[in-house]
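To start, the structure itself, in structure tokens.
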Amino acid sequence: MGGWAEILGGGSFSGTPLFGATGVNDRRLEGMLLNAISRFDLTVTMGTKAKRFFQESGVERIQVVPGGIDAATFSRGESAPDIDIILVARFDPIKRIDVFLQAMQLVVRAYPQLNAVVVGDGPLRPQLEALRKSLDIERQVQFAGFHHDVSRWLRRARIFALTSDSEGLSLAARSEEHTSELQSPI
């Protein structure tokens, strides 16, 4: 199970632990991965964009199994939201939290009373904290750290932001069926 980001360029832009750390476009590795996948009895992916990528790459047996989300888990609670904008992500380059912070700098210029929370953690935290400080948005943007109870945080927010270059579960913000085609990072 996977998508185009785990294969394209040898998976080097996916953020996956095995290949994502290289950041190098490796067409040879991409070809080897596609060759291996073409031998599978079935390739399962979560969206039609990935299915098209695999079909165009010569993979024949593909099944789309969309992810499911229980909307009741994220329904608004009794109390009014106290977070204006929330982003939930692991602190990984592919999640583009730097873009979120830069956008927040622009937003708080017009709305200085606005607040945002980033729920998550990871190895980029020191760099992201430094960026937040350099953008002078420490008062408006809080880092909440890692939490198991993400739904509780989401219920507190007015707006959910997603800045990732690629998402394996694109249902986080929108249906892949109703999205314009994303450009590959290569």
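Residue numbers (this note's numbering): 1357 to 1542.
By construction, the Cβ of each residue, glycine as well, lies at the ideal position given by its N, Cα and C atoms.
Span of the alpha helix (DSSP H), counted from its first residue to its last, around residue i
{"i": "Val1380", "result": "Element bounds for Val1380: n/a, residue is neither H nor E."}
Own chain residues within Cβ distance below 6 Å of residue i, not counting five before or after
{"i": "Trp1360", "result": "Ala1406, Phe1409"}
{"i": "Phe1396", "result": "none"}
{"i": "Ile1441", "result": "Ala1472, Ile1515, Ala1517"}
{"i": "Phe1499", "result": "Val1474"}
{"i": "Val1380", "result": "Ser1368"}
{"i": "Arg1417", "result": "Leu1398"}
{"i": "Leu1601", "result": "Residue 1601 lies beyond the stretch modelled for the chain, which goes from 1357 to 1542, so this question has no answer here."}
Coarse secondary structure for residue i, derived from DSSP in three states
{"i": "Gly1501", "result": "strand"}
{"i": "Arg1418", "result": "With the sequence shown as reference, residue 1418 is identified as Ile, and Arg is not the correct amino acid for it. Ile1418: strand per DSSP, three-state reduction."}
{"i": "Gly1404", "result": "The sequence shown places Thr at residue 1404, rather than the Gly named in the question. The answer is helix: DSSP assigns Thr1404 an H, G or I state."}
{"i": "Asp1454", "result": "helix"}
{"i": "Leu1518", "result": "coil"}
{"i": "Ala1459", "result": "helix"}
{"i": "Ala1513", "result": "strand"}
Beta carbon of residue i nearer than 8 Å to that of residue j
{"i": "Val1415", "j": "Met1402", "result": "no"}
{"i": "Leu1457", "j": "Leu1480", "result": "no"}
{"i": "Thr1519", "j": "Arg1452", "result": "yes"}
Pick from the options that is closest to residue i, judged by C-alpha positions
{"i": "Ser1522", "options": "Arg1417, Gln1419, Pro1449", "result": "Pro1449"}
{"i": "Tyr1467", "options": "Gln1496, Ile1453, Leu1390, Thr1519", "result": "Gln1496"}
{"i": "Ser1394", "options": "Thr1519, Ser1413, Leu1487, Ser1368", "result": "Ser1413"}
{"i": "Ile1493", "options": "Val1463, Asp1382, Thr1404", "result": "Val1463"}
{"i": "Leu1510", "options": "Ser1490, Leu1491, Leu1443", "result": "Leu1443"}
{"i": "Lys1489", "options": "Gln1411, Met1460, Arg1432", "result": "Met1460"}
Close-in-space but distant-in-sequence residues of the same chain around residue i (CB under 7 Å, 5 per side omitted)
{"i": "Leu1487", "result": "Asp1454, Leu1457"}
{"i": "Glu1532", "result": "Here the model assigns Glu1532 a pLDDT of 34, short of 50, so the residue's position is not dependable, and the following value carries that caveat. If we look at Glu1532 and ignore the five residues flanking it on each side, its Cβ neighbours are Gly1403, Thr1404, Lys1405, Ser1526."}
{"i": "Phe1502", "result": "Gly1476, Asp1477"}
Sequence-distant residues of the same chain with beta carbon closer than 8 Å to residue i, five excluded per side
{"i": "Gly1478", "result": "Arg1446, Phe1447, Asp1448"}
{"i": "Arg1383", "result": "Gly1365, Gly1366"}
{"i": "Gln1419", "result": "Leu1398, Thr1399, Val1400, Thr1401"}
{"i": "Ile1439", "result": "Asn1471, Ala1472, Val1473, Trp1509, Arg1512, Ala1513, Arg1514"}
Boundaries of the beta strand (DSSP E) in which residue i is found, first to last residue
{"i": "Ala1486", "result": "Here Ala1486 belongs to no beta strand (DSSP E); instead the alpha helix (DSSP H) covers 1481–1490."}
{"i": "Leu1443", "result": "1439–1444"}
{"i": "Ala1472", "result": "1472–1475"}
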